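K.L.:
Handing you this structure, nothing more for now.
Chains as they are written, first to last, in this note's numbering: chain V, 447 to 909; chain W, 447 to 909.
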């Protein structure tokens, strides 16, 4: 008999009612009395499990089944009975319970509450918990929603390279990669590492951003997006930093800053809507156990208009707020976490902060006519802070060269990128969205380590 | 006036007929006589461009427009006129041509045939050519088709980690990553590299496979897939090797080798069908200019039944073929390129070769009852050779420990992976598909360097 997914049982319960079906999965819990018992069986194809009813006179291994511990794997055949009056919509009256692999007491996930810290230490098992079942399904569905939004809207998906010798984030934040024997590094005459012996014959890194390469593709396909892993070496142990994370970086030709904000807003609403539609049970669970009000927050976002405000006006609001800040807001300065929080609360929803002081932003951003600010925009969302960062790019060859010089950017490794401004240059804009930050926003989990399957943070690269 | 994508003009030409519209893009070519001329304008949103008609008495910059060179960017407003009798379905009679950025003679992509080798040296510009426009759109559409297939069928998309300290491909094939100063490596007492000083406090790599981590998720969600970059250090300059490539690695619980082949076959057919449906113009172009018969090959695949045959029977066929082989086929040995070719030709289509000699396969594959072979399967397709490789995994804890010992696999870094066999283990199987190999198969390009946006191969890490 062919095993079917428990999700399929939920989706087509009427079709299977009173029929014999076979399911397989992992035991969450077993309750039993003398002659009958219940298994809460989960196969991970959907959030909810199926209730198995097993009776001493129906199966030939009652005692073994009754003594199964959490985490054991079983394959169960039985008759599906709809139970519209009960808590669960149906149950499976077992005719056969095949024990595939019985766990014992050393199984780390016993039926009790485990802290997220404990679960991080068994990251290879934590997807079996309800919390991570919900979080990682939302993650998967959100990833697909992003692809769907961009593909439906005519964007090209580009795999920008991971290994690179140029990078827009600056090489001091990047991991070096090498095939050299680290115990015995070949040396040049002046006693430096001789990268000529390395696989690419030069120093190479793994990337911190696909933007530069994305721009090259945007200037051919008009609308592109990347979705891939990125890396930073930051030695920082906070709830929002990881050394490996996934990023989405769309880049759009013939698009200015206003057009960019339109896209960011539309995309985010579309992804949130898709997740609400496709993960209702998960969102409900997360709302109940992780972040009260999560569902309302997400629904509100879809129906809100995102505020668009200049950086300098944000500073004015902060200065006039009467709040005693830890970091004093400055017209020429960055915006701290406490300011982000205040400003999204002030406007009661997502806020685009645009036109930032040019000195604190990157060389490739378009300098505005005031010659003081650049056409950059950060999207701040309630609770999660900065979710996206983008800008209109400097498209003028002479101007970007000048900015490189002013900001002491080495032009040589990015000459091809600069050349894009000579060969059919045009107005273009792009943004980056950290995917883990989105997952945190969508699920309410407050630590990046719980939003990614196997987190990598300083000193921590297990599994 | 709002600029629209040229794709939109194709999709909704009746709606826009005789209306004024604005498009923007890059000039492919300009032809002109004294008072009127034509621009072939492309914005990359679809394979075909739009023909712009410009006339001296209609626009105020006729001479400048007439002298535009290939690669220049322009924004054009005009009246869309349907031309059902002509080669192209419509043309745009310009009322305004705004020159955004005019190229000069140094623009490397002049209107003539360029070799793929030349184009690799300007990888940041080659997406503007017709060939790479077609290849990279097929790549994008195929990537989405893969996501769509798995999501529609209830698989969870997992982002397995890139940075890892364990790997199923063996660390000698992996890049090391480090934040150490390579010019001045810190040393241990016995003069080795002191990885305690590195960001993760130990030696770390970028991954060659997400399988091990994927298995952990399959044993929680039943059906999962990965889709991400992978890395190998192979110092090999062939048409089919790159040091960075993308891979799809599905892993399915409660699934044996037969079930796995069913999934591989269904998935491949679904992806090919999606590409044929969504990239008809690209496939036609590639069929004409890159691989004659491409379209027929793809259509044939959809309607074929893939052969399933044991490795030993393949060897018998090869031995009885009367062919003088460069590499003599052996019952205990691998299958060479020449054999792959013969066998797909012999069966006239894709062939699953299964049950391989255990000594040439990995420790995690399930040993068959004959104790000679493992439940592994390679899918060979005509012309492209091995497209997927998979196996049923050894689910028995004692047996996999034994295999580790027999094959001298260090169990310590993979203890968590081995533990999966103690905690609710079950029959499970998975496969890997190299995405570039699929793109090569779908587009007919015969060099991996032309299937990926910015190829990384030994000695070559430009851009």
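Quick reminder that beta carbons are idealized off the backbone N, C-alpha and C, glycines included.
Every value quoted in this text rests on a predicted model; they were computed, and no experiment measured them.
Can you have a look at residue 777 of chain V and say buried or exposed, based on whether 16 or more other CB atoms are within 10 angstroms of its CB?
P.N.:
Result: exposed.
K.L.:
Tell me which residue opens and which closes the alpha helix (DSSP H) that residue 705 of chain V is part of.
P.N.:
Residues 703-724.
K.L.:
Identify whether residue 727 of chain V lies in helix, strand or coil by the three-state DSSP scheme.
P.N.:
DSSP places residue 727 of chain V in helix when its eight states are reduced to three.
K.L.:
With a 10 Å radius around its C-beta and 16 neighbouring C-beta atoms as the bar for buried, classify residue 748 of chain W as buried or exposed.
P.N.:
Exposed is the call here.
K.L.:
What does DSSP give as the partner residue(s) for residue 819 of chain W in the beta ladder?
P.N.:
DSSP, once it has assigned bridges, lists W/803 as partnering residue 819 of chain W.
K.L.:
Give me whichever residues DSSP pairs with residue 838 of chain W in a beta bridge.
P.N.:
The partner list for residue 838 of chain W (beta bridge, DSSP) reads W/875.
K.L.:
Got a sec, what are the start and stop residues for the alpha helix (DSSP H) residue 792 of chain W sits in?
P.N.:
Run containing residue 792 of chain W: 783-793, per the alpha helix (DSSP H) assignment.
K.L.:
If you check the beta carbons only, do residue 543 of chain W and residue 511 of chain W fall under 7 Å apart?
P.N.:
Yes, Cβ-Cβ distance for residue 543 of chain W and residue 511 of chain W is below 7 Å.
K.L.:
Output yes if chain W places a C-beta closer than 7 Å to the C-beta of residue 690 of chain V; else output no.
P.N.:
Closer than 7 Å: yes.
K.L.:
Taking the C-alpha atoms as reference points, what is the distance between residue 679 of chain V and residue 619 of chain V?
P.N.:
Straight-line Cα distance between these residues: approximately 5 Å.
K.L.:
Looking at C-beta atoms only, is the number of pairs between the stretch 689-701 of chain V and the stretch 648-664 of chain V that lie closer than 8 Å three or more?
P.N.:
These segments touch.
K.L.:
Since residue 486 of chain W is in the beta strand (DSSP E), which residue starts that stretch and which ends it?
P.N.:
Element bounds for residue 486 of chain W: 482-488.
K.L.:
Look at the alpha carbon of residue 502 of chain V and the alpha carbon of residue 870 of chain W, and state the distance between them as a whole number of angstroms.
P.N.:
Their backbone Cα atoms lie some 23 Å apart in a straight line.
K.L.:
In chain order, what residues of the same chain lie with their CB nearer than 8 Å to the CB of residue 847 of chain W, ignoring the 5 residues before and after it?
P.N.:
Around residue 847 of chain W: 857, 864.
K.L.:
Give a yes or no on contact between the stretch 569-580 of chain V and the stretch 889-896 of chain W, applying the rule of three or more CB pairs nearer than 8 Å.
P.N.:
Output reads no: the stretch 889-896 of chain W does not touch the stretch 569-580 of chain V.
K.L.:
What did DSSP end up calling residue 495 of chain V once you bin it into helix, strand or coil?
P.N.:
Looking at residue 495 of chain V - three-state DSSP - the assignment turns out to be coil, as it is neither helix nor strand.
K.L.:
Quick check: is the beta carbon of residue 631 of chain W nearer than 7 Å to any beta carbon in chain V?
P.N.:
With 7 Å as the cut-off, residue 631 of chain W counts as an interface residue toward chain V.
K.L.:
Using a Cβ cut-off of 7 Å (strictly closer), state whether residue 859 of chain W contacts chain V.
P.N.:
Taking Cβ atoms only, chain V never reaches closer than 7 Å to residue 859 of chain W, which makes this a no.
K.L.:
Residue 833 of chain V to residue 726 of chain V, Cα distance in whole Å?
P.N.:
In a straight line, the C-alpha of residue 833 of chain V is about 23 Å away from that of residue 726 of chain V.
K.L.:
Counting along the chain, where does the beta strand (DSSP E) carrying residue 474 of chain W start and finish?
P.N.:
Note, residue 474 of chain W: beta strand (DSSP E), 466-478.
K.L.:
Quick one: grab the DSSP three-state call for residue 515 of chain W.
P.N.:
Residue state, collapsed to three classes: coil.
K.L.:
Assuming residue 855 of chain W and residue 809 of chain W make a contact with CB atoms under 8 Å, what is their CB distance in whole Å?
P.N.:
The pair is a contact, with the Cβ atoms about 5 Å apart (cut-off 8 Å).
K.L.:
Out of W/513, W/558, W/891, which one is the CA nearest neighbour of residue 738 of chain W?
P.N.:
Cα-wise, what sits closest to residue 738 of chain W is W/891.
K.L.:
Among the candidates W/805, W/685, W/763, whose CA atom is the shortest distance from the CA of residue 886 of chain W?
P.N.:
If we check each option's Cα against that of residue 886 of chain W, W/685 comes out closest.
K.L.:
When the Cα atoms are used, what is the spatial distance from residue 536 of chain V to residue 557 of chain V?
P.N.:
For residue 536 of chain V and residue 557 of chain V, the distance between alpha carbons rounds to 23 Å.
K.L.:
Can you tell me whether residue 532 of chain V is buried or exposed, with buried defined as 16 or more other CB within 10 angstroms of its CB?
P.N.:
Residue 532 of chain V should be labelled exposed.
K.L.:
Of the choices V/641, V/607, V/851, whose alpha-carbon is the least far from that of residue 652 of chain V?
P.N.:
Taking only the C-alpha atoms, the option nearest residue 652 of chain V is V/607.
K.L.:
The alpha helix (DSSP H) that contains residue 773 of chain V, what's its start and end?
P.N.:
Element bounds for residue 773 of chain V: n/a, residue is neither H nor E.
K.L.:
In terms of alpha-carbon separation, which member of W/621, W/594, W/785 lies closest to residue 767 of chain W?
P.N.:
Minimum Cα distance to residue 767 of chain W is reached at W/785.
K.L.:
If the cut is a Cβ gap below 8 Å, which residues of chain W does residue 491 of chain V touch?
P.N.:
Chain W residues near residue 491 of chain V: 600, 667, 668, 669.
K.L.:
For residue 539 of chain W, which residues does DSSP report across the bridge?
P.N.:
According to DSSP, residue 539 of chain W bridges with W/499, W/525.
K.L.:
Using a 10 Å radius around the Cβ and a threshold of 16 neighbouring Cβ atoms, would you call residue 735 of chain W buried or exposed?
P.N.:
It counts as exposed.
K.L.:
Indicate the three-state DSSP secondary structure (helix, strand or coil) for residue 548 of chain V in the structure shown.
P.N.:
Three-state DSSP puts residue 548 of chain V in coil, outside helix and strand.
K.L.:
Counting only Cβ pairs nearer than 8 Å, list the residues of chain V close to residue 904 of chain W.
P.N.:
Result: 645, 646.
K.L.:
Where does residue 694 of chain W fall in DSSP's three states?
P.N.:
Here residue 694 of chain W sits in strand by DSSP.
K.L.:
So residue 870 of chain V contacts chain W; which residues on that side make the cut at Cβ distance below 7 Å?
P.N.:
Within 7 Å Cβ-Cβ: 472, 517, 518, 519, 547, 549.
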